[in-house]
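What follows is a set of notes on a single structure, which appears directly below.
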């Protein structure tokens, strides 16, 4: 076999491009040249996106503001995500491994889990006020549960045989956690982190839609009120791209960290 | 107490009961067995005869309901490096390379890094996995995984190697190779091996002694020496006689 991955990569890319190109064509022919269309044609959106990023086209209030808004969203996403990970990882490990902690906390946490993150928004606005802190809190909450649930699952589902193997090789009980539990649950923990980050990107938009000055969610909402539909779509595209890149980076890290696992590295 | 040389293992009137959904199951009843250092002992019998239970009690993974298990005259407690176990499903750490799996024991017991590296290399070489030292378990065949499992208990200076149907999941060819390799290692190192199997031929091929067990409740029904000269030949008439002898004893199961 000569380099099947390169061949598959080129063919894969071609096949993957089919759907978006068809979609773009459909979008173009159903909107271009129709002055009463509610949706602007793709070219207009492209021009708007360029102006948002680099300016030089409209030179209005929005020109060259994309980086600022994107940065605001990114910092909230990663800030909230980091805080969620910092709390959910140790908490999940303790709930998973320590009977007493599980008995104390698990029922409450499970009871609160079905409440949708978006349902927390009004309460968050009451507690944290209208503004970025509510958005931050929402991101934190959105990332918290996937990380917590997968961490608990990971540390609770270590194959019992691995404990036997470690013990008969002379591992002390106190070392079992670092030597066996943690590495064995890493794939599951990683899945939780990836899902958590994905949720963070979903929730940030909702969080920024009320009373926040900067952020991609904020300009989308503001542009809707001003009927600047090109900006709405440009914001959506930017969020999509950032979320994709962020997930891609996490996957790369996972491939390196989990190259021992046939499901991840391989 | 006794004048004769001390046995490495003394199993005296050991009974093991399990509670299964409120019902009491006797997995092993009144087993008594002594094993000398350097002996290769096969425990053979159909499923439910308590052979794995006995092995796991020697390993320290289960405790006896009655009776006692001693190693060098001292009661067996928790699992430990003196009793290395080779599982049928390997039990390798999937996140560690072959070399790290083999070095796991010495590292866990706090040996200096240089010594761990030397020991690792010696035993990875011994089981013929030098080229695969940096591979991960999921990249290995079943036979190679079991080689790693054997190497890691040897690297950990196990005195007794407990093997629970170690070659049961392997294809015939690989199984024969590993049987030969294990015999060579055993003869070189003079380890004590307790080997659980349900294959009569495997037991006759390898064992100094065959302990025959029977189910319902699990118990020892015979304990016989195999006096065939080594290396043994399964096509030899004497081998065949023994095979018939044990097959009759195990009655219909083979």
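Protein chains in written order, with the numbering used here: chain W, 265 to 530; chain R, 7 to 260.
Heads up, the beta-carbon is just placed ideally off N, CA and C, and yes, glycines get one too.
Just so it is clear, the structure is predicted and the values come from calculations on it, not from any experiment.
Judged by their CB atoms, residue 256 (chain R) and residue 218 (chain R) are nearer to each other than the 9 Å cut-off.
Residues are counted here when their Cβ sits less than 7 Å from a Cβ of chain W; for the region 112-128 of chain R these are 114, 115, given in chain order.
For residue 21 (chain R), the enclosing beta strand (DSSP E) stretches over residues 15-26. Taking C-beta separations shorter than 7 Å and ignoring five residues to either side along the sequence, the partners of residue 16 (chain R) in its chain run 40, 76, following chain order.
Secondary structure note for residue 202 (chain R): its beta strand (DSSP E) is the uninterrupted segment 198-203. Taking 9 Å as the CB threshold, residue 420 (chain W) stays off the interface with chain R.
Annotated three-state conformation of residue 402 (chain W) is helix, per DSSP. A Cβ-Cβ separation of about 12 Å leaves residue 122 (chain R) out of contact with residue 158 (chain R) under the 8 Å criterion.
If you look at residue 338 (chain W), you'll find it in the alpha helix (DSSP H) that goes 330-361. Assignment of residue 49 (chain R) by DSSP, reduced to helix, strand and coil, places it in the strand class.
In terms of Cβ geometry, residue 168 (chain R) and residue 79 (chain R) do not form a close pair [threshold 9 Å]. Distance from the CA atom of residue 154 (chain R) to the CA atom of residue 51 (chain R), rounded to whole angstroms, is 27 Å.
For residue 488 (chain W), the secondary structure class from DSSP, reduced to helix, strand or coil, is helix. According to the DSSP assignment, residue 90 (chain R) belongs to the beta strand (DSSP E) that extends over 89-92. Not a single CB atom of chain R sits nearer than 9 Å to the CB of residue 519 (chain W).
The alpha-carbon separation between residue 191 (chain R) and residue 185 (chain R) amounts to approximately 10 Å.
When DSSP states are grouped into helix, strand and coil, residue 477 (chain W) belongs to the coil group. Residue contact with chain W for residue 140 (chain R): absent (no Cβ-Cβ distance below 9 Å to any residue of chain W).
Taking 8 Å as the upper bound for CB-CB distance, residue 202 (chain R) and residue 170 (chain R) are in contact here, some 5 Å apart. Every unbroken stretch of the alpha helix (DSSP H) spanning 4 or more residues and falling wholly within the region 171-230 of chain R is given here in chain order: 178-195, 206-212. For residue 78 (chain R), the closest Cβ of chain W is not nearer than 9 Å. Contact of residue 89 (chain R) with chain W is assigned, a C-beta pair being separated by under 9 Å.
Note on geometry: alpha-carbon atoms of residue 526 (chain W) and residue 503 (chain W) lie some 31 Å from one another. Going by DSSP, residue 151 (chain R) is part of the alpha helix (DSSP H) stretching over 148-161. Proximity of the region 305-322 of chain W to the region 457-474 of chain W falls short of the contact definition, fewer than three beta-carbon pairs being nearer than 8 Å.
Chain R has no Cβ within less than 9 Å of the Cβ of residue 457 (chain W).
The beta carbons of residue 476 (chain W) and residue 399 (chain W) sit closer together than 9 Å.
In summary, no residue of the region 344-357 of chain W has a CB separated from any CB of chain R by less than 8 Å.
Counting every other CB atom within 10 Å of its CB across the protein chains shown gives residue 220 (chain R) a total of 16 or more, marking it as buried. The residue among W:410, W:352, W:304, W:479 with its C-alpha nearest the C-alpha of residue 380 (chain W) is W:410. Taking a Cβ-Cβ cut-off of 7 Å, the neighbours of residue 434 (chain W) in chain R comprise 86, 87, 111, 114, 115, 162, given in sequence order.
With a cutoff of 9 Å on beta-carbon distance, residue 431 (chain W) and residue 90 (chain R) are scored as not near each other.
In chain order, 100, 101, 144 make up the part of chain R whose C-beta sits under 8 Å from the C-beta of residue 525 (chain W).
A distance below 9 Å separates the beta carbons of residue 126 (chain R) and residue 106 (chain R). With a cutoff of 9 Å on beta-carbon distance, residue 402 (chain W) and residue 479 (chain W) are scored as not near each other.
Under a 10 Å Cβ-count criterion, residue 454 (chain W) is classified as buried, with 16 or more other Cβ atoms of the shown protein chains found around its own Cβ.
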